[in-house]
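Data block below; observations after.
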Amino acid sequence: MSIQEMDTSISAYPELQVPIAPPSESMIRIDANIADLRKKYLLLSSEKALSPASVESLNRIEAEVVALQKKHSVLTDEQRLSIPRPARRREESEAEFDKI
19 MSIQEMDTSI SAYPELQVPI APPSESMIRI DANIADLRKK YLLLSSEKAL
69 SPASVESLNR IEAEVVALQK KHSVLTDEQR LSIPRPARRR EESEAEFDKI
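Residue 118, in the working numbering, is where the sequence shown stops; the numbers in between run on with no holes.
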């Protein structure tokens with residue numbers, strides 16, 4: 019069999035596929051909060067002469083966005099880890115090891 023004939027798509031290897039769960043409500047809220055903060059940031063940053071209060075607000079918005087992105091990342095990791103993965107049977111693993 020030539021390389022061109024081989025099925026290299028991920029569907030050919032079900033053990034490598036990671037199921038993706040739908041986003042949780044908290045992840046959806048975090049995404050919405052990030053979008054709102056980015057809009058506020060764009061509005062503030064478009065002002066011609068930024069006051070010190072505006073600069074402080076921009077810095078605070080940036081910090082909030084970073085914190086929300088970290089929280090979103092943690093939730094995504096927890097969600098991915100909570101998905102049960104199919105366990106391989108020990109005999110299959112040992113048989114593959116014996117082939118090597």
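Quick reminder that beta carbons are idealized off the backbone N, C-alpha and C, glycines included.
Among residues of its own chain, excluding the 5 on either side of residue i, which ones have a beta-carbon nearer than 6 Å to its beta-carbon?
i     : result
Asn51 : Leu86
Leu68 : none
CB-CB under 7 Å to residue i, same chain, minus the five flanking residues each way: which ones, in chain order?
i     : result
Glu65 : Ser72
Ile79 : Leu55, Lys58 and Tyr59
Asn77 : none
Met19 : Only weak support exists for where Met19 lies, its pLDDT of 48 falling under 50; the value from the coordinates is given anyway. Counting only Cβ-Cβ distances below 7 Å, and skipping sequence neighbours, we find nothing.
Ala89 : Position check: residue 89 holds Lys in this sequence, whereas Ala was assumed. Excluding sequence neighbours, Lys89 sits near Ile48.
Ser91 : none
Under the assumption that residue i contacts residue j (Cβ atoms under 8 Å), give the Cβ distance between them as a whole number of angstroms.
i     : j     : result
Ser75 : Leu62 : 6 Å
Val83 : Arg56 : 7 Å
Exercise. Hey, which unbroken runs of the alpha helix (DSSP H) at 4 residues or more fall wholly within the region 45-103?
Worked result: 70-100
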